[in-house]
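In short: position in the sequence shown from 1, add 4, done, that's my numbering.
Using N, Cα and C, we set each Cβ at its ideal position, and we do this for glycine too.
It should be emphasised that the depicted structure is a prediction, and the values quoted were computed from it without experimental measurement.
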Amino acid sequence: MHLYGYDPRSASLDEWLNPEKSMARRGLDLATAEDLRIFAESMLADERDHPYPSASELAVDGSPLLESPEFWPAHLCSTTDRDADVPSAFGLSWDEVRETGLPPLRRLDQWPVFTIPLHDGAVMVIIHRTHHPRALYHGKWVQEEAEHQIDFWLAPATGEGMLLGSVQAGPTGPGLRWPELKGIAQAAAPDRREIARRLLLLAPILGDKEMPDQAVTWFAQALSILGGLDRNSWVVCNAAEGIAFGNELFRYATWRQEDGIWVCDGIDSSRNPDPRIGLLAPDLRRAGEILRPLGEEL
């Protein structure tokens, strides 16, 4: 399956292997850059000795899962608390989601992948991946317990892609503000189901302290379309509010305009303008320009 340049590693090993590049691009001191080089060389040696299957070998088309009601609560469970009770918005219990919704997303041998086309040929790629991370202990690499995460990869029409956000033990985000998510969803009009799917697929990396109440209305409509329940029912409205305002990972992030693009002050956001935290300046600008809603004025 085509992954649009997706790289599951959090940073480019090519950069780590070049201390001068790390210092110039990330503002690191020489000692830190050298430590990164040594770490990268050790990682590459371990990968040669104990190779993983590649992302392209593990990736499978996840689109058939989109028609399963159990998929949506499973996809959203990492960024909504139990009070939101998203399963109830689909007529399900948490036990049903654990038994039938989570297993297809947490297989070690298959990574479900979903794609959303953006304007100008760009693509958003959502990857559910489960893997055994390796950690360096006392100079030796050891395999840890399996971990599941969701990566959100932004692939421009040309040039390299970038990790926009990730939901895992150490999350990266937010990657989207509400006007951007709304714009991506609206681009699917008049297909109401596709609008709903886009909203819920990308909701985990939404984070905006200034989230408008309108977001709850949109999420309620999406839940109703995909789950079949009345959008005005309490269970649907409660779940929609939880999706919009209940993401404890990213809900307090603030956004501002800087040099013609929107940037985020979240300390874990890829769109933080500090190069030690977020994307490098050229990628930060590309992301901002790709994700800017059509017609939005700066």
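What's the call for residue i, buried or exposed, on a 16-neighbour Cβ count within 10 Å?
{"i": "Tyr256", "result": "exposed"}
{"i": "Glu262", "result": "exposed"}
{"i": "His142", "result": "Confidence at His142 is low in this model, with a pLDDT of 48, below 50, so its placement is unreliable and no value can be given for it."}
{"i": "Ile294", "result": "buried"}
{"i": "Asp287", "result": "buried"}
{"i": "Lys213", "result": "exposed"}
{"i": "Arg260", "result": "exposed"}
Run through DSSP, which three-state label would residue i get?
{"i": "Phe254", "result": "coil"}
{"i": "Ala63", "result": "strand"}
{"i": "Leu285", "result": "The question names Leu, yet the displayed sequence has Ala at residue 285. Ala285 falls in the helix class under three-state DSSP."}
{"i": "Cys268", "result": "strand"}
{"i": "Arg260", "result": "strand"}
{"i": "Pro178", "result": "coil"}
{"i": "Thr83", "result": "coil"}
{"i": "Ser228", "result": "helix"}
{"i": "Ser305", "result": "Since the first and last residues shown for the chain are 5 and 302, residue 305 lies out of range."}
{"i": "Ala159", "result": "strand"}
{"i": "Leu185", "result": "helix"}
{"i": "His142", "result": "Bear in mind that the predicted position of His142 carries a pLDDT of just 48, short of 50, making it too unreliable to give a figure here."}
{"i": "Leu32", "result": "coil"}
{"i": "His123", "result": "helix"}
{"i": "Gln190", "result": "helix"}
{"i": "Gly169", "result": "strand"}
{"i": "Pro107", "result": "helix"}
In whole angstroms, what separates the C-alpha of residue i from that of residue j?
{"i": "Gly292", "j": "Leu204", "result": "21 Å"}
{"i": "Pro178", "j": "Glu45", "result": "31 Å"}
{"i": "Leu80", "j": "Ile271", "result": "22 Å"}
{"i": "Ile120", "j": "Arg202", "result": "7 Å"}
{"i": "Ser82", "j": "Ile131", "result": "14 Å"}
{"i": "Ala305", "j": "Asp39", "result": "Nothing about residue 305 can be read from this structure; the chain reaches only from 5 to 302."}
{"i": "Gly282", "j": "Thr134", "result": "24 Å"}
{"i": "Val267", "j": "Pro160", "result": "18 Å"}
{"i": "Gln114", "j": "Leu70", "result": "16 Å"}
{"i": "Leu168", "j": "Ala93", "result": "28 Å"}
{"i": "Phe254", "j": "Arg86", "result": "17 Å"}
{"i": "Gln225", "j": "Ala200", "result": "7 Å"}
Determine whether the beta carbon atoms of residue i and residue j lie at a separation below 8 Å.
{"i": "Leu7", "j": "Val90", "result": "no"}
{"i": "Ile3", "j": "Thr84", "result": "The first residue shown for the chain is 5 and the last is 302, placing residue 3 beyond what the model contains."}
{"i": "Ala59", "j": "Leu112", "result": "no"}
{"i": "Thr104", "j": "Glu61", "result": "no"}
{"i": "His123", "j": "Ala191", "result": "yes"}
{"i": "Ala243", "j": "Ala88", "result": "yes"}
{"i": "Leu206", "j": "Ile188", "result": "yes"}
Original post:
For the segment 208 to 223 against the segment 278 to 297, are there 3 or more C-beta pairs whose distance is under 8 Å?
Top reply: no
**OP:** Inspect the CB distances between the segment 94 to 114 and the segment 156 to 174 and report whether three or more fall short of 8 Å.
**Re:** no
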